[in-house]
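Reading the sequence shown from the start, the letters are residues 264 to 426 in the numbering used here.
Cβ coordinates follow ideal geometry from the N, Cα and C atoms, glycine included.
For clarity, every value in this text was computed on a predicted model and none was experimentally measured.
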Amino acid sequence: MTEIIQTLDSIDRGYSLLYCDLWGCLHDGHRAFPEAVAALERFRARGGRVVLLTNSPRPGRDVAVQLEGLGAPRSCYDLIVSSGDAAQAAMAAGQFGRRVYHIGPERDLGFFRDDAGRPYDIERVPLGEAEGIVCTGLFDDRAETPADYRATILEGKTRGLRL
Numbered sequence: 264m265t266e267i268i269q270t271l272d273s274i275d276r277g278y279s280l281l282y283c284d285l286w287g288c289l290h291d292g293h294r295a296f297p298e299a300v301a302a303l304e305r306f307r308a309r310g311g312r313v314v315l316l317t318n319s320p321r322p323g324r325d326v327a328v329q330l331e332g333l334g335a336p337r338s339c340y341d342l343i344v345s346s347g348d349a350a351q352a353a354m355a356a357g358q359f360g361r362r363v364y365h366i367g368p369e370r371d372l373g374f375f376r377d378d379a380g381r382p383y384d385i386e387r388v389p390l391g392e393a394e395g396i397v398c399t400g401l402f403d404d405r406a407e408t409p410a411d412y413r414a415t416i417l418e419g420k421t422r423g424l425r426l
């Protein structure tokens, strides 16, 4: 019969590293789960390392600020790895060109700065002038859907822009 795991404490002995997803595991988008925060802190207190994983388009440093606001302190993890980190590294390396059209909200503009706050050598331009498209989300995720961007993406595809 399958055993239902009740707590992290019941299974974490013998592990030195824990990968933990964010959404639904550590928070619900509005607040951190206190029991999850406490479990991660206990794991770290026993010498374990905690890596938080997220599909957020934001760099890990920006996710850390968001987590703090949700009630998940830095004391419950060692590192954050986001899809935004990978996309940002690709952008900084020029994989989308040096002139990009940005699809995404103002809150994601930190994507265009390095960890020291310096802007990357990337220029945000109108779609007609772009060499590539960088998408960090919808401009207004409360009113729009991905379908609202169909024409933009099709234009980019027709022009051979990198996305």
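With the cut-off set at 8 Å, would you say residue i and residue j are in Cβ contact?
i                 : j             : result
arginine 307      : valine 313    : yes
glycine 395       : valine 363    : yes
serine 319        : glycine 292   : no
leucine 289       : glycine 311   : no
leucine 333       : alanine 302   : no
glycine 367       : threonine 415 : no
arginine 321      : aspartate 403 : no
phenylalanine 374 : proline 382   : no
isoleucine 343    : alanine 355   : no
According to DSSP, is residue i helix, strand or coil?
i            : result
valine 344   : strand
proline 382  : strand
glycine 360  : coil
leucine 316  : strand
arginine 425 : strand
arginine 376 : strand
alanine 406  : coil
arginine 307 : helix
leucine 401  : coil
glycine 395  : strand
alanine 301  : helix
tyrosine 412 : helix
When burial is assigned at 16 or more other CB atoms within 10 Å of the CB, is residue i buried or exposed?
i             : result
serine 338    : exposed
leucine 447   : The requested residue 447 is not part of the displayed model; the chain covers only 264 to 426.
leucine 330   : buried
proline 323   : Rather than proline, the amino acid found at residue 323 in this sequence is glycine. Classification of glycine 323: buried, given that the 10 Å Cβ count is 16 or more.
threonine 317 : buried
alanine 410   : exposed
Measure the C-alpha to C-alpha separation of residue i and residue j and round it to an integer number of angstroms.
i              : j             : result
arginine 425   : aspartate 325 : 25 Å
alanine 350    : valine 397    : 9 Å
alanine 353    : glutamate 369 : 20 Å
glycine 360    : serine 279    : 40 Å
serine 273     : aspartate 284 : 19 Å
lysine 420     : aspartate 378 : 31 Å
arginine 405   : valine 388    : 24 Å
isoleucine 268 : glutamate 407 : 39 Å
arginine 276   : leucine 401   : 42 Å
aspartate 384  : arginine 294  : 35 Å
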